[in-house]
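S.K.:
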Amino acid sequence: QVQLVESGGGLVQPGGSLRLSCTGFGFIFSSCAMTWYRQAPGKEREMVASISEIGTITFIEDSVQGRFIISRDNAKNTVYLQMNNVKPEDTAMYSCQAIRPPAFVVWGQGTQVTVSS
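All residue numbers in the sequence shown are consecutive under the working numbering, ending with 1139.
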């Protein structure tokens, strides 16, 4: 079955760290670019970070630049989002997406991150 499974979310204090994982099943993970998105209540979904198929190219959204790091381990079919110095505005549902043009797209179910003291 083709799917993405996220894990690692939870409650974290401001200034703390969290690492999210997203593991792919049922497809050739290394052939897909991977992207982390987030959606806060009442807001539109936004792209957070993206990484190319073999990890040589990454993109980090401005609001998390210098705090979040995206990486991947194709041997484990997993992409990671290391979140450092988190802020209350980072609170959201985080989801990962696999994409391989022209038409292969898979979404995970999401993992909730709450930043609060």
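All residues carry an ideal CB built from backbone N, CA and C; glycine is no exception.
Alpha carbon to alpha carbon, what distance is there between residue 1058 and residue 1042?
M.R.: The straight-line gap from Cα to Cα measures roughly 10 Å.
S.K.: Between the Cα of residue 1078 and those of 1098, 1063, 1054, spot the shortest distance and give me the residue it belongs to.
M.R.: When each option's Cα is compared against that of residue 1078, the closest is 1054.
S.K.: Consult DSSP for residue 1111 and reduce its assignment to one of helix, strand or coil.
M.R.: In the structure shown, residue 1111 sits in a helix (DSSP, three-state: H, G or I).
S.K.: For residue 1049, which three-state DSSP category applies?
M.R.: Residue 1049: coil per DSSP, three-state reduction.
S.K.: Reducing DSSP to helix, strand and coil, say where residue 1085 ends up.
M.R.: Residue state, collapsed to three classes: helix.
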